[in-house]
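Take the sequence shown: its position 290, counted from the start at 1, is 276 in my numbering, and no numbers get skipped. The C-beta atom is built at its ideal place from N, Cα and C for all residues, glycine as well. What you are looking at is a predicted structure, and each value in this text was computed from that prediction instead of being measured.
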Amino acid sequence: MQLQDKRWIWYLLPTQITAQGLSTVIPLYVIFLGGNIGEVAIISALQNGTVAIGSLAWGKIMDRFHNKRAILVISSFFVLLCSLGMYFTSSINILYGLAAILGFFMVAKGPVTQLLVMESVQKNLWSWLFAKTSIISTLGMLVAMAIGAFGSFYFDLRPYFLICAASSGVAMVLSTAVKGENIHLERSSIAHSLHGLRYSISNYHFIFPKNLEAYDFRHIITLFKGRISHEIGIFYLATFFFYFGSNIYFTAWTPFLKNLKYSDGDVFLNYFIQMATMLVIFFIAPKIISKLGEERSTMLAFLPRLLAVMIPAVSSIFLVGSLGFPMTIASASLMVIAFSIFSTSSSVIFFKSIPQGFEGKYLGVNSAVTGVGIFAGSLVTGELTKFSGYSIMFIFAAAVLVVSLILFRVYFRYRLSHKMV
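Okay, structure coming up:
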């Protein structure tokens, strides 16, 4: 099978240019308008919250109507409108609303892409096509950052929203290449596919194949009662702290760079190198995991992530001039190296831990826990930084990641000593 046989895949390139471009330029624009890390954190929290809601809503819509092309076109159209709205506004309060709308519609392509892959090729080719989508998506991120880095020499931030709008328009046109298929998989099928699960955790974080009930969270609730009903509860809690601590770093990163008096071009360049590193590690991570195993790889992934967080924490007084930029590059690169390894190894471990027949429920709970962690990380970042400064904030993020590391260690030991069904 050749890539050109799946022309629909190319909508991912402009879609990802828009998504990564907006996620980078919005915090910069908030700071440009006179905002600080508090406002950036609120926008991040609002957008992450609507991303989680959108993941559930668009999954239900897709299961009901099976019209993937319409969903992609509608999504791109509203992202285009939000981009134009941000270009024309100078109000941070309006940006709050636009960011929330943006998160809801931008996430629609996630479950659509996953099901398109699984419907388009035979099962033994899923891994190949998921890899192609990941590569194209990462290339889109690189293009977005390259445009920002070079464009900052010629124009300010506001015209960048027009570039994002134009890119979303191109994605809307390319989405028309998505044809109606005779096969209609529902979003619950992703829960039964390791390839779909790995792609989801690495790219979108949220999948809700089934409607959740309070009873589905029992394995977490019993932990706070001093009992363990299933070791998966420890995994959930470890995952929560991982994304909680990680998103504190990611929410603060752009304001932190601007606080160091870095130019907008420097910020875009920092993210460009980060994305390039992620593309390289994409090919290396599976080999590392294959050699070390999933459990050791998961534990090992915490080392570069902790180093990434501690670099700005303990060296902030040196992060200026020629010395500072290489150190920020090292920090940003270590973060994506760690996540590439962690997301792949942990998704395999999670998939193996799910009892047969409960995939949808367990994946939904994991997505909910991840969403709460990301949302809480965004909210905490602004208040903590305003109260104690960037160094303490990064140290706090590192401490949260250490808690996650300890919980994963407990999970692996408990799983070995208790074979529970």
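- Beyond the five residues adjoining it in sequence on each side, Phe228 comes within less than 6 angstroms, by CB distance, of Ser390 in the same chain, given in chain order.
- Distances from the alpha-carbon of Leu81 to those of Ile360, Glu369, Ile29 put Ile29 closest.
- When the beta-carbon positions are compared, Met264 and Val322 come within less than 8 angstroms of each other.
- Under the Cβ criterion (8 angstroms, minimum of three pairs), the stretch 148 to 166 counts as touching the stretch 58 to 73.
- Rounded to whole angstroms, the separation of the alpha carbons of Leu32 and Phe221 is 26 angstroms.
- In this structure, Gly155 and Leu66 form a Cβ contact; the two beta carbons are roughly 6 angstroms apart against a cut-off of 8 angstroms.
- Fewer than three Cβ pairs drawn from the stretch 124 to 132 and the stretch 95 to 114 lie within less than 8 angstroms of each other, which leaves the two stretches out of contact.
- The alpha-carbon separation between Phe116 and Ser374 amounts to approximately 42 angstroms.
- Annotated as proximal: Phe268 and Ser326, with beta-carbon spacing under 8 angstroms.
- Per DSSP, the unbroken alpha helix (DSSP H) holding Val266 starts and ends at 250 to 278.
- Per the C-alpha coordinates, the member of Leu(-2), Gly35, Pro13 positioned closest to Ala354 is Gly35.
- Shown here, Tyr140 sits in coil according to DSSP, grouped into three states, outside any helix or strand.
- In the DSSP annotation of this structure, Lys(-8) is not part of any alpha helix (DSSP H), being labelled neither H nor E.
- Nearest to Ala86 by C-alpha distance, out of Asp49, Pro97, Gly279, Phe361, is Phe361.
- Rounded to whole angstroms, Trp44 and Leu58 show a C-alpha spacing of 10 angstroms.
- Annotated three-state conformation of Pro312 is helix, per DSSP.
- Note on geometry: alpha-carbon atoms of Lys338 and Thr240 lie some 37 angstroms from one another.
- Taking a contact as a CB-CB distance under 8 angstroms, the pair Val98 and Lys165 does not count as one, their CB atoms being some 13 angstroms apart.
- Boundaries of the alpha helix (DSSP H) harbouring Tyr235: 218 to 245, taken from the DSSP string.
- When only Cα atoms are considered, Asn256 and Thr314 end up about 8 angstroms apart.
- Going by DSSP, Leu88 is part of the alpha helix (DSSP H) stretching over 78 to 92.
- If you draw a 10 Å sphere on the C-beta of Glu25, you find 16 or more other C-beta atoms in it, and that means buried.
- Judged by DSSP in its simplified three-state form, Gly45 adopts helix.
- Going by C-alpha positions, Ser333 is about 43 angstroms away from Tyr140.
- By the Cβ-count criterion, Pro341 is exposed, with fewer than 16 other Cβ atoms from all chains shown falling within 10 Å of its own Cβ.
- Counting C-beta atoms within 10 angstroms of its own C-beta, Thr162 has fewer than 16 neighbours from the protein chains shown and is therefore classed as exposed.
- If you draw a straight line from the Cα of Gln2 to the Cα of Arg213, it comes to about 43 angstroms.
- Judged by DSSP in its simplified three-state form, Gln100 adopts helix.
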